[in-house]
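The structure under discussion appears below in the form of structure tokens.
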Amino acid sequence: MKRLAAFLICVLMMFSGCDSYRAFLSIESATAKSWEQRHEMLDGRKSHTLDLGAKTQEMEIEIVTEKGEVDVTVEDTFGNTVFEIDDAKTGIYYFSAEGKIRITAEANEHKGSISVKRKES
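For the sequence shown, the working numbering assigns the number 1318 to the initial residue and increments by one for each residue that follows.
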């Protein structure tokens, strides 16, 4: 019975979109409207939710990739993809969004950083 319960919990976690990651020398900073993650190594799935408010915001994602790979996806509250980039290289990327958004980084031994904030004018 305990094995069945453990199995069911694992299955539910896989489908709930829970984060599962390993990080080494990682520093994270966040507010309601910005998120920054720096790491010597990030492996797995890490997400963060921002609340941008009712007005559409122009946002920027700055990615630094020194080693490894990272895919970044931004979704709205309905699960619609607002922004997506696979195997992100170092650079600044832009998107527009409103309301709550979820940023997800899928990393494969990534060394570098991810920063999401309002676009500076």
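Backbone N, C-alpha and C fix where the C-beta goes; we use that ideal spot for every residue, glycine too.
Within the same chain, and ignoring the five residues on either side of Ala1349 in sequence, the residues whose Cβ sits closer than 7 Å to its Cβ are Leu1367, Asp1368. A distance below 6 Å between beta-carbons, with the five flanking residues on each side excluded, links Glu1353 to the following residues of its chain, in chain order: Ser1346, Ser1432. Lys1428 has its alpha-carbon roughly 31 Å from the corresponding atom of Phe1395. At a Cβ-Cβ threshold of 8 Å, Glu1426 and Gly1370 do not count as neighbours. Under the three-pair Cβ rule at 8 Å, the region 1401 to 1412 does not count as touching the region 1358 to 1366. DSSP places Lys1417 inside the beta strand (DSSP E), whose first and last residues are 1417 to 1435.
Residues of the same chain with a CB within less than 8 Å of the CB of Glu1401, apart from the 5 flanking positions on each side, are Asp1388, Val1389, Thr1390, Val1391 in chain order. The C-alpha of Tyr1338 is placed about 31 Å away from the C-alpha of Glu1437. Short of 6 Å from the beta carbon of Glu1423, and not among the five residues preceding or following it, lie these beta carbons of its own chain, in chain order: Arg1362, Asp1388.
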